[in-house]
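2 protein chains.
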Amino acid sequence: MKTYIKETITKEINQEVELKGWVHVFRRMGKIAFIELRDSTGIIQVVCVPAEMTPESAALLDNIRPEFVLSLKGIIQARSEKQIRAEELTGKIEILAKDIKILSEAETPPFEIENETLQAKEELRLKHRYLDLRHERMANNIKNRHQVIHFFRNHLTDNNFTEIQTPILTKSTPEGARDYIVPSRLHKGKFFALPQAPQQYKQLLMIAGFEKYFQVAPCFRDEDARSDRSPGEFYQLDIEMSFLNQDEILNKIETMMTTMVEKLFPEKIITSKPWPRIDYQEAMEKYGTDKPDLRKDKENPNELAFSWIINFPLFAENAEGPDQSGGNKEKFIGIHGKLAPSHNMFTQPQEKDLELLDKNPGKVHSYQHDLALNGFELGGGAIRIHDMKLQEKIWDLIGFTAEQKKDFAHYYEAIKYGVPPHGGVAIGIDRLLMILMGEKNLKEVTAFPLTSDGHDPMMDSPAEVSKEQLEELGIELKK
Amino acid sequence: MKTYIKETITKEINQEVELKGWVHVFRRMGKIAFIELRDSTGIIQVVCVPAEMTPESAALLDNIRPEFVLSLKGIIQARSEKQIRAEELTGKIEILAKDIKILSEAETPPFEIENETLQAKEELRLKHRYLDLRHERMANNIKNRHQVIHFFRNHLTDNNFTEIQTPILTKSTPEGARDYIVPSRLHKGKFFALPQAPQQYKQLLMIAGFEKYFQVAPCFRDEDARSDRSPGEFYQLDIEMSFLNQDEILNKIETMMTTMVEKLFPEKIITSKPWPRIDYQEAMEKYGTDKPDLRKDKENPNELAFSWIINFPLFAENAEGPDQSGGNKEKFIGIHGKLAPSHNMFTQPQEKDLELLDKNPGKVHSYQHDLALNGFELGGGAIRIHDMKLQEKIWDLIGFTAEQKKDFAHYYEAIKYGVPPHGGVAIGIDRLLMILMGEKNLKEVTAFPLTSDGHDPMMDSPAEVSKEQLEELGIELKK
Chain A
1 MKTYIKETIT KEINQEVELK GWVHVFRRMG KIAFIELRDS TGIIQVVCVP AEMTPESAAL
61 LDNIRPEFVL SLKGIIQARS EKQIRAEELT GKIEILAKDI KILSEAETPP FEIENETLQA
121 KEELRLKHRY LDLRHERMAN NIKNRHQVIH FFRNHLTDNN FTEIQTPILT KSTPEGARDY
181 IVPSRLHKGK FFALPQAPQQ YKQLLMIAGF EKYFQVAPCF RDEDARSDRS PGEFYQLDIE
241 MSFLNQDEIL NKIETMMTTM VEKLFPEKII TSKPWPRIDY QEAMEKYGTD KPDLRKDKEN
301 PNELAFSWII NFPLFAENAE GPDQSGGNKE KFIGIHGKLA PSHNMFTQPQ EKDLELLDKN
361 PGKVHSYQHD LALNGFELGG GAIRIHDMKL QEKIWDLIGF TAEQKKDFAH YYEAIKYGVP
421 PHGGVAIGID RLLMILMGEK NLKEVTAFPL TSDGHDPMMD SPAEVSKEQL EELGIELKK
Chain B
1001 MKTYIKETIT KEINQEVELK GWVHVFRRMG KIAFIELRDS TGIIQVVCVP AEMTPESAAL
1061 LDNIRPEFVL SLKGIIQARS EKQIRAEELT GKIEILAKDI KILSEAETPP FEIENETLQA
1121 KEELRLKHRY LDLRHERMAN NIKNRHQVIH FFRNHLTDNN FTEIQTPILT KSTPEGARDY
1181 IVPSRLHKGK FFALPQAPQQ YKQLLMIAGF EKYFQVAPCF RDEDARSDRS PGEFYQLDIE
1241 MSFLNQDEIL NKIETMMTTM VEKLFPEKII TSKPWPRIDY QEAMEKYGTD KPDLRKDKEN
1301 PNELAFSWII NFPLFAENAE GPDQSGGNKE KFIGIHGKLA PSHNMFTQPQ EKDLELLDKN
1361 PGKVHSYQHD LALNGFELGG GAIRIHDMKL QEKIWDLIGF TAEQKKDFAH YYEAIKYGVP
1421 PHGGVAIGID RLLMILMGEK NLKEVTAFPL TSDGHDPMMD SPAEVSKEQL EELGIELKK
């Protein structure tokens, strides 16, 4: 059985171990060779003295090159005082090789694995992502991503939340961005859409009575990429709760996030605890943005300045008009509407402003809440409407047509059968990881991202498909 | 703050509590009314005596009907000896109502929530899935689904596995079933495919050096439905490990699954521990199937008979020929091939049989392993080939064309750079839950499934999309 490299430091001096991993660095000094052997847990120095090795192993030393995969038996030795590298995990010991087997050979990689500062171009890194992920920084980003998500899952499960998987093959509804669509073979001429978010499903789960739901949900938007917005797919921590007010919801999220940071990233400093809760109006006046960067020292990579923005106006002026993405994608905006919801059309207006809905809707405040972190919008949510009459009024105010309302016939039906007051939050997982890991681009915290122009140079996707395949789906390419 | 119903049994008699939930049953007996109030944690009896209540609350009793959502203040009382229902969680107490508020009204549901034995037709249940999920059995199935998946995640994380999300927008490759495809807007005429499984990504992650990977992975196959096969999407627990042999991998999975059953379902009995490991040949001769039902008592719903089937032949006769699904979907089969891989084309032949590859390939055994449970195929996997020359030989034997090899150019490239011996398992989560919960259909353990003919009567998907949307994607409907 293999000993993992990080376990070597718990072994006795002179103990024999069997290691398996990759040749990180290979150096010869005359007859002696030094291998830095790497596995998923660390790196250790292996000293290869031919006289100490089986003859077959010694002969292999002429062939071994970086990134070969080896199985290696050897003896743990203490390093001499001068050779101790105290800053390295295994810096006090080394392995004296006895027997080596080559499990797999390797050609020279297209970029260096050993030296990550010589960073290759994005296209090359993504084409050979399986090599790019061998870099310690990238492997750590992916492992930390797992740890962060796993923390959230444990925390929420311990607090009686149920994770529920909602459909990925679902329906195109007007939710703000372009949908990816999937032609149906069994229902020709019709299409599924990939969800931009599980917004409606999570509300339906509250109607179903689950009370506390979450999901690490894959979401899909056919939008052009930015450094803080993935092309294609991204993940959000989607949370919804019944019978809690806005304050209670924000408190729960704040506790979860603060505990995560303190537990997994003890070196990070949260600027203010509790997090400031800032009126939208105040944020715009004071900072000129609804996602202010409240760090005290913007040079400190370990500072995390969370803040809640609240008391948003329910509506924004529909300055853009129906957007240009085609079809029925009008960003929650009715074709003839002058008003667009600031958040989404399910957001609950504040009770004190309800009477303004008819007279002066632009003055109505809502129970929307946005979560800002270091100048990024990390997430958002709201208390939702749970009364059909109010929902209909909002749809009318934003100018929804009868046709558009039909797209929400399921919700119109569902809201008849006993809806609990409910609300929630969605947190961008990729963006959170990017900030936590001090990266400048979401691709650095995603195992297999698309390039900025939406293709995968490794798999060579998207790709052409056969005519027969299209025929079976009842579609053809436009000439 | 709301008291959850299951918490009421920990409170003192005469304590006041505030409950929030749904009216499960409403009965009047003269002036007195009885409400069975339901929330996500249980059901409790509420006695409404007008003289004990605020006048406003008492007046509401004329309006309340089943499935109304109430906020309710009352006093915990002990039931009289005769009225104790020892088999019910809250059977020793009841609530004497003091104040009631209606949070949301409800029309009469299209089917009964109270009585689940009067089961509605599938189409109606799925159209109102948010009501169907109010049934105790359905809510429990979904909650148990979460607990089972969460157990696996904790177990694997504690054993140093990393969960890594692989892409959902990926590439169409010949993997056995029809792909769902997604037209690309930025690369017109090209398509993404939804993954049938993360097979290649998990192997690439082993090449990247992660050593221990898992994922609760959404998978997609455009196949016709069966009771034990979902149309559209399903989830698999996808696991891959480096440097372990088949025995070690099977042991790890067996430990995980056995521990899960013993911890979450102590009432279940595992027929044999350790699980039998049966030769494929023996299984076929003795049971006539490679997924035998080894239960000692097939009437006992709590019996779980796991077994591993091993020593499969590497190839099966390609009796079917290229399948009829069109395009390049030939089930891992080369167009001109007479041999098809039993499992998949990455499966490692057993060393002892390597010399038979040329002379008598039908006699070669592989390191495939299938997991059978109570007559179902619960999962499968294999040790994979990690040597390019051997991989090429297999592709030639199954008759892969140069064109088909090009579809795997990424893997042909990746396998050059140091590949660890690796292997893994994929376990059908939906099917496992179906068996654990004693259900006859996968839909009973999925929150929002499609109907058998692949539509969602609630969302009304798939649906038509606008001409503009198709135009932007460069496709049109075939006339």
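Residue numbers (the working numbering), protein chains in the order written: chain A, 1 to 479; chain B, 1001 to 1479.
All C-beta atoms, glycine included, are put in the ideal place defined by N, C-alpha and C.
Note that the structure is a prediction, hence the values are computed from the model and not measured.
Asked: Return the Cβ separation of Ala1217/B and Pro1198/B in integer angstroms, given the expectation that the two are a contact with Cβ distance under 8 Å.; Found: 5 Å
Asked: Taking all protein chains shown into account, do 16 or more other C-beta atoms lie within 10 angstroms of the C-beta of Ile1335/B, making it buried, or fewer, making it exposed?; Found: Because Ile1335/B sits at a pLDDT of 43, beneath the cut-off of 50, its placement in the model cannot be relied upon, and the following sentence gives the value as read from the coordinates. So Ile1335/B counts as exposed.
Asked: Is the Cβ of Leu418/A closer than 8 Å to any Cβ of chain B?; Found: At residue 418/A the sequence reads Gly, which differs from the Leu that was named. Closer than 8 Å: yes.
Asked: Can you tell which of Trp22/A, Tyr417/A, Pro449/A and Gln215/A has the C-alpha that lies nearest to the C-alpha of Ile102/A?; Found: Trp22/A
Asked: Answer with buried or exposed for Pro55/A, where buried requires no fewer than 16 other C-beta atoms within 10 angstroms of its C-beta.; Found: exposed
Asked: Pick out whichever of Phe151/A, Lys416/A, Leu373/A and Lys352/A has its Cα sitting closest to the Cα of Lys363/A.; Found: Lys352/A
Asked: So, with DSSP's three-state summary, where would you put Ser57/A?; Found: helix
Asked: Name, please, each residue of chain B whose Cβ falls closer than 7 Å to the Cβ of Ala208/A.; Found: Tyr1130, Leu1133 and Arg1134
Asked: For Arg137/A and Ile435/A, what's the separation of their Cα atoms in angstroms?; Found: 14 Å
Asked: What residues match up with Trp1308/B in a beta bridge as DSSP calls it?; Found: Arg1277/B and Leu1371/B
Asked: Using the three-state DSSP reduction, which class does Leu354/A fall into: helix, strand or coil?; Found: coil
Asked: Quick check: what's the CA-CA separation for Lys212/A versus Ser1342/B?; Found: 44 Å
Asked: So, at 7 Å on beta carbons, what are the nonlocal neighbours of Glu1067/B in its own chain, with the 5 sequence-adjacent residues on each side left out?; Found: Trp1022, Val1023, Ala1106, Pro1109 and Ile1113
Asked: Flag this pair as yes or no: are the beta carbons of Phe1210/B and Glu1163/B separated by less than 8 Å?; Found: no
Asked: With a threshold of 7 Å on Cβ separation, who are the neighbours of Gly1326/B within its own chain once the five nearest residues in sequence on each side are excluded?; Found: Because Gly1326/B carries a pLDDT of 33, less than 50, the predicted location of this residue cannot be relied on, and the following value inherits that uncertainty. Excluding sequence neighbours, Gly1326/B sits near nothing in its chain.
Asked: Would you report the Cα separation of Ala1193/B and Thr1003/B, rounded to the nearest angstrom?; Found: 47 Å
Asked: Which of the three DSSP states, helix, strand or coil, is assigned to Ile76/A?; Found: strand
Asked: Taking all protein chains shown into account, decide if Ile1181/B is buried (16 or more other Cβ within 10 angstroms of its Cβ) or exposed.; Found: buried
Asked: Looking only at its own chain, which residues have a Cβ that is under 7 Å from the Cβ of Lys1092/B, when we skip the five neighbours before and after it?; Found: Ala1078, Arg1079 and Ile1084
Asked: Whole-angstrom Cβ separation of Tyr1130/B and Phe448/A, contact assumed at under 8 Å?; Found: Incorrect: roughly 35 Å between the Cβ atoms, too far for contact.
Asked: Within 8 Å of any Cβ in chain C, is that where the Cβ of Thr289/A sits?; Found: No chain C is present in this structure, whose protein chains are A and B.
Asked: Would you mind working out which of Asn159/A, Leu89/A and Gln246/A sits nearest Pro421/A, comparing C-alpha positions?; Found: Gln246/A
Asked: If distances are taken between C-alpha atoms only, which option among Thr451/A, Pro457/A, Gly474/A and Leu433/A comes closest to Asn140/A?; Found: Leu433/A
Asked: Could you tell me which chain A residues have their CB closer than 9 Å to the CB of Pro1195/B, listed as they occur along the chain?; Found: Chain A residues near Pro1195/B: none, gap ~10 Å exceeds 9 Å.
Asked: Alpha carbons only, please: which of Phe1376/B, His1455/B, Ala1414/B and Glu1413/B is nearest the one belonging to Gly1428/B?; Found: Phe1376/B
Asked: Which chain B residues are close to Trp22/A, counting only those with a beta carbon under 7 Å from its beta carbon?; Found: Gly1209 and Gly1418
Asked: At 9 Å on the CB atoms, spell out the chain A contacts of Leu1186/B, in chain order.; Found: Asp222, Asp224, Pro231, Asp453, Gly454, His455 and Pro462
Asked: Identify whether Thr1003/B lies in helix, strand or coil by the three-state DSSP scheme.; Found: coil
Asked: Give the secondary structure of Phe1152/B by DSSP, where H, G and I count as helix, E and B as strand, and everything else as coil.; Found: helix
Asked: Closer than 8 Å by C-beta to Glu267/A: which residues in its own chain qualify, once you throw out the five before and the five after it? Chain order, please.; Found: Asn302
Asked: Evaluate Ile13/A with the Cβ neighbour count: other Cβ atoms within 10 Å of its Cβ, from every protein chain shown; 16 or more gives buried, anything less gives exposed.; Found: exposed
Asked: To the nearest angstrom, how far is the alpha carbon of Gln1350/B from that of Gly42/A?; Found: 31 Å
Asked: Suppose you measure from the CA of Gln1119/B to the CA of Trp275/A; what does that come to, to the nearest Å?; Found: 49 Å
Asked: Nearest-angstrom Cα distance between Leu1061/B and Lys406/A?; Found: 35 Å
Asked: Using a 10 Å radius around the Cβ and a threshold of 16 neighbouring Cβ atoms, would you call Glu1233/B buried or exposed?; Found: buried
Asked: Which residues, in chain order, does the segment 1016-1050 of chain B contribute to contact with chain A at a C-beta distance below 9 Å?; Found: Lys1020, Gly1021, Trp1022, Val1023, Arg1038, Asp1039, Ser1040 and Thr1041
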